[in-house]
Amino acid sequence: MIDGLGCAAIATVAAGCYLLGVRPMDVRSAQASARSDRVERLTLELSETVDSVSQAKLLADRLTSAQEGRRIELDTIKSSSERMAEIATAAEGGGLSIQTMRPGTARAEGLLAVVPIVVSGSGDEWALRGFLETLHGSFRDVRVDQLEFSAQRDGRADVTFSARLLWSILPDGAVAPPEESAR
Numbered sequence: 062m063i064d065g066l067g068c069a070a071i072a073t074v075a076a077g078c079y080l081l082g083v084r085p086m087d088v089r090s091a092q093a094s095a096r097s098d099r100v101e102r103l104t105l106e107l108s109e110t111v112d113s114v115s116q117a118k119l120l121a122d123r124l125t126s127a128q129e130g131r132r133i134e135l136d137t138i139k140s141s142s143e144r145m146a147e148i149a150t151a152a153e154g155g156g157l158s159i160q161t162m163r164p165g166t167a168r169a170e171g172l173l174a175v176v177p178i179v180v181s182g183s184g185d186e187w188a189l190r191g192f193l194e195t196l197h198g199s200f201r202d203v204r205v206d207q208l209e210f211s212a213q214r215d216g217r218a219d220v221t222f223s224a225r226l227l228w229s230i231l232p233d234g235a236v237a238p239p240e241e242s243a244r
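Counting from 62, one number per residue, gives the positions in the sequence shown under the numbering used here.
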């Protein structure tokens, strides 16, 4: 009987140790392991998010720097004689002879206004090409809407041309940018 009571006491102490010590420790260990797994998963997600944000910032920086060079500052119709002189100087400086340059009436086009400019003249075909390249590169507020040209029949490299340019300006009532405009 004493052996039976001793065995029962040992079993009770063992069960108590298990229930009061080992079992709670197992539960805490499982909870700690689950928290550790969650922390690992969240750390990985955070790392991926940081990488995504870094890539997005790099892309945004590249797009911003690419767009800065494409910014166009628009003038008002008040500076039309100045703009016409700049276009004529670019054409004649490249070797073209301008016969006519006639601005049309400004008309609304979306959020802007557009002034058609009819230009006609003659010159070397390379001079015409250079003029078109200058318009594209230096006069970003001017686009070629229509171009007609014909070669001289006497075998020379001269061409006569007629172009309809569209000059984008601020609409009536809009404020012009400061004098140092980057066209």
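Where is the CB? At the ideal position from N, CA and C, for every residue including glycine. Treat the numbers as computed from the prediction; the structure is a model and nothing was measured.
- Counting only the Cα atoms, SER223 lies some 9 Å from THR161.
- Counting the other CB atoms within 10 Å of its CB gives ARG144 a total of 16 or more, which places it among the buried residues.
- Residue environment for ILE148: buried (at least 16 other C-beta atoms within 10 angstroms of its C-beta).
- Per the coordinates, the alpha-carbon of ILE178 lies some 15 Å from the alpha-carbon of LYS139.
- With fewer than 16 other CB atoms across the displayed protein chains lying within 10 angstroms of its CB, TRP187 is exposed.
- When DSSP states are grouped into helix, strand and coil, ASP98 belongs to the helix group.
- In the three-state reduction of the DSSP assignment, ASP112 falls in the helix class, which pools H, G and I.
- For LEU196, the closest alpha carbon among the candidates ALA95, GLU153, GLY65 is that of GLU153.
- Exposed is the label assigned to ILE71, since fewer than 16 other Cβ atoms lie within 10 Å of its Cβ.
- With fewer than 16 neighbouring CB atoms inside 10 Å of its own CB, GLY156 falls in the exposed class.
- According to DSSP, residue pairing for SER158 in a beta bridge involves SER183.
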